Amino acid sequence: MSDIRHSLLRRDALSAAKEVLYHLDIYFSSQLQSAPLPIVDKGPVELLEEFVFQRLNSLQELQLLEIMCNYFQEQTKDSVRQIIFSSLFSPQGNKADDSRMSLLGKLVSMAVAVCRIPVLECAASWLQRTPVVYCVRLARALVDDYCCLVPGSVQTLKQIFSASPRFCCQFITSVTALYDLSSDDLIPPLDLLEMIVNWIFEDPRLILITFLNTPIAANLPIGFLELTPLTGLIRWCVKAPLAYKRKKKPSLSNGHVTSKAAQDSGGMDRDSHLLYSKLHLSILQVLMMLQVHLTEKNLYGRLGLILFDHMVPLVEEINRLADELNPLNASQEIELSLDRLAQALQVAMASGALLCTRDDLRTLCSRLPHNNLLQLVISGPVQQSPHAALPPGFYPHIHTPPLGYGAVPAHPAAHPALPTHPGHTFLSGMPFPFRPIR
0 MSDIRHSLLR RDALSAAKEV LYHLDIYFSS QLQSAPLPIV DKGPVELLEE FVFQRLNSLQ
60 ELQLLEIMCN YFQEQTKDSV RQIIFSSLFS PQGNKADDSR MSLLGKLVSM AVAVCRIPVL
120 ECAASWLQRT PVVYCVRLAR ALVDDYCCLV PGSVQTLKQI FSASPRFCCQ FITSVTALYD
180 LSSDDLIPPL DLLEMIVNWI FEDPRLILIT FLNTPIAANL PIGFLELTPL TGLIRWCVKA
240 PLAYKRKKKP SLSNGHVTSK AAQDSGGMDR DSHLLYSKLH LSILQVLMML QVHLTEKNLY
300 GRLGLILFDH MVPLVEEINR LADELNPLNA SQEIELSLDR LAQALQVAMA SGALLCTRDD
360 LRTLCSRLPH NNLLQLVISG PVQQSPHAAL PPGFYPHIHT PPLGYGAVPA HPAAHPALPT
420 HPGHTFLSGM PFPFRPIR
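Reminder that position 290 of the sequence shown reads as 289 in numbering that gives the first Met the number 0, one-by-one numbering, no gaps.
Here it is in structure tokens:
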């Protein structure tokens with residue numbers, strides 16, 4: 000690599016950056032012929048940091064982005080594309096990461112604009128194997144470019160639904176991690192919300208693509224994006240009535256709410272309300288699909304795609320918001336929020352997406368305001384299991400320890416003594432149309 004470096008030093012900045020890509024292509028193409036998973040050595044990374052992420056002005060950077068888009072488009076070997084993309088943009092934990100993330104955001108934004116599917120597919124893989132703190136930075140860059148800076152530009156972002164559903168799935172997951180409705184600044188922009196809702200409503204299976212096409216490990220990594228955006232989307236629907244009500248919280252004048260401010264504090268507008276209702280319906284439909292998919296993968300009752308540990312902070316946030324908004328006569332918003340929570344918990348548990356006992360659920364929800372539907376969910380089974388070996392009042396999957404807890408072997412076929420669970424249909428006879436992924 001030292002000889003290559005001396006050669007690069009004699010070139011102008013853009014030519015040197017382009018030459019680095021050329022050498023990386025040769026280097027990794029050669030390695031992939033002898034090893035399916037080559038190790039990215041320190042030398043290539045140092046060349047990237049010196050000649051790609053440090054020395055370019057704005058015009059040179061734009062030219063380099065075009066060169067990169069064309070390279071990934073023309074490279075026919077997906078394995079080479081993926082490892083070049085990874086070597087370029089995997090965070091290294093050093094000062095070059097800011098430049099690396101900035102260039103990545105611009106590259107993916109350009110790929111969206113000119114519909115470079117290979118770049119979007121590489122970005123989808125990157126989102127899947129990169130810590131969430133970096134994923135939300137990429138999500139924010141794209142939201143700024145297409146939902147905030149230029150009015151109407153979201154139409155360009157919408158087009159990638161048919162071009163790269165896999166990227167759309169990962170983008171939704173990262174966006175829900177970014178916009179968690181914990182503050183007024185973290186409520187998703189209306190254009191972004193409308194686009195995501197329409198994507199999912201058109202094909203609910205969109206948000207299952209990563210799960211359906213990923214080998215499931217016994218222990219899912221902590222600090223990375225989840226396999227689906229289900230938890231984040233549930234959080235959106237459940238918290239939205241309260242978060243929007245908080246956003247329009249009237250200001251105090253001499254310690255009192257003015258009559259005009261009270262009149263203006265109506266919560267979310269009609270468009271937002273309809274979008275969240277539409278999204279909530281789509282999520283319930285996806286949850287109802289999951290039992291079949293979990294059973295097909297032999298994961299029913301063993302892998303919770305909605306983690307109980309992630310429901311705990313959600314319930315705490317709902318309780319805090321309900322307490323905060325109570326003086327503002329937010330009873331309708333609180334009721335709607337709790338209804339949606341109850342429905343999501345009910346269907347998630349019945350389909351095997353959420354693994355917990357009703358005792359856990361009672362303890363978790365004990366401090367929430369009273370809600371009739373929620374009381375029904377935590378007091379009895381949604382549908383009595385036909386499994387004769389199970390006592391009344393339990394969901395069938397509760398009695399099998401979740402995947403990764405050590406109690407269930409990774410290959411249950413080798414252990415015929417393990418109990419199997421029936422695939423029963425929740426609310427049978429309720430159809431929901433969805434089109435297959437294109």
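Here a beta-carbon is modelled for each residue, glycine too, at the ideal position from N, C-alpha and C. Computed from a predicted structure; not experimentally measured.
| Item | Value |
| --- | --- |
| Assign residue 303 to buried or exposed, taking buried as 16 or more other Cβ atoms, counted over all protein chains shown, within 10 Å of its Cβ. | buried |
| Where residue 377 and residue 342 are concerned, what is the direct C-alpha to C-alpha distance, given to the nearest angstrom? | 11 Å |
| Would you call the segment 311 to 321 in contact with the segment 330 to 345, where contact means no fewer than 3 C-beta pairs closer than 8 Å? | yes |
| Since residue 130 sits in a beta bridge, which residues does DSSP pair it with? | 223 |
| Counting Cβ pairs closer than 8 Å, one from the segment 167 to 183 and one from the segment 119 to 132, do we hit at least three? | yes |
| Determine the burial state of residue 21: buried for a count of at least 16 other Cβ atoms within 10 Å of its Cβ, exposed for fewer. | exposed |
| Is the Cβ-Cβ distance between residue 88 and residue 118 less than 7 Å? | no |
| I'd like to know if the segment 142 to 150 and the segment 199 to 214 are in contact, where contact means that at least 3 CB-CB pairs between them fall below 8 Å. | no |
| Contact between the segment 171 to 183 and the segment 273 to 284 is defined here as three or more beta-carbon pairs at a separation below 8 Å; is this criterion met? | no |
| For residue 296, report the span of its alpha helix (DSSP H) as first-last. | Premise fails: residue 296 is in no alpha helix (DSSP H) and is neither H nor E. |
| In the segment 77 to 146, which residue ranges form an unbroken alpha helix (DSSP H) of at least 4 residues, counting only runs that do not cross its ends? | 77 to 88, 96 to 113, 116 to 128 and 131 to 142 |
| For the alpha helix (DSSP H) holding residue 318, just list the boundary residues, first then last. | 307 to 324 |
| Residue 313 and residue 234: beta carbons closer than 7 Å? | yes |
| Kindly indicate which three-state DSSP category residue 376 falls into: helix, strand or coil? | helix |
| Below 6 Å CB to CB, which residues in the same chain sit around residue 3 once its five sequence neighbours on both sides are set aside? | 22 |
| Since residue 174 and residue 132 should fall inside the 8 Å C-beta cutoff, what is the C-beta to C-beta distance between them, to a whole number of angstroms? | Not a contact, Cβ separation roughly 14 Å. |
| By Cβ distance, which residues of its chain are closer than 7 Å to residue 225, with the 5 residues on each side in sequence left out? | 172 |
| For residue 15, which of helix, strand or coil comes out of DSSP? | helix |
| Taking all protein chains shown into account, decide if residue 1 is buried (16 or more other Cβ within 10 angstroms of its Cβ) or exposed. | exposed |
| What's the call for residue 8, buried or exposed, on a 16-neighbour Cβ count within 10 Å? | exposed |
| Specify the secondary structure class of residue 44 as computed by DSSP and reduced to three states. | helix |
| With burial defined as no fewer than 16 other Cβ atoms inside 10 Å of the residue's Cβ, what is the status of residue 75: buried or exposed? | exposed |
| For residue 153, name the three-state secondary structure that DSSP assigns. | helix |
| The alpha helix (DSSP H) that contains residue 341, what's its start and end? | 330 to 350 |
| Please determine if the segment 95 to 109 and the segment 62 to 70 are in contact, where contact requires at least 3 C-beta pairs separated by less than 8 Å. | yes |
| Using a Cβ-Cβ cutoff of less than 8 Å, which residues in the same chain neighbour residue 241 once the five nearest sequence positions on both sides are dropped? | 317, 320, 321, 324, 329, 332, 333 and 336 |
| By how many angstroms is the C-alpha of residue 345 removed from the C-alpha of residue 80? | 43 Å |
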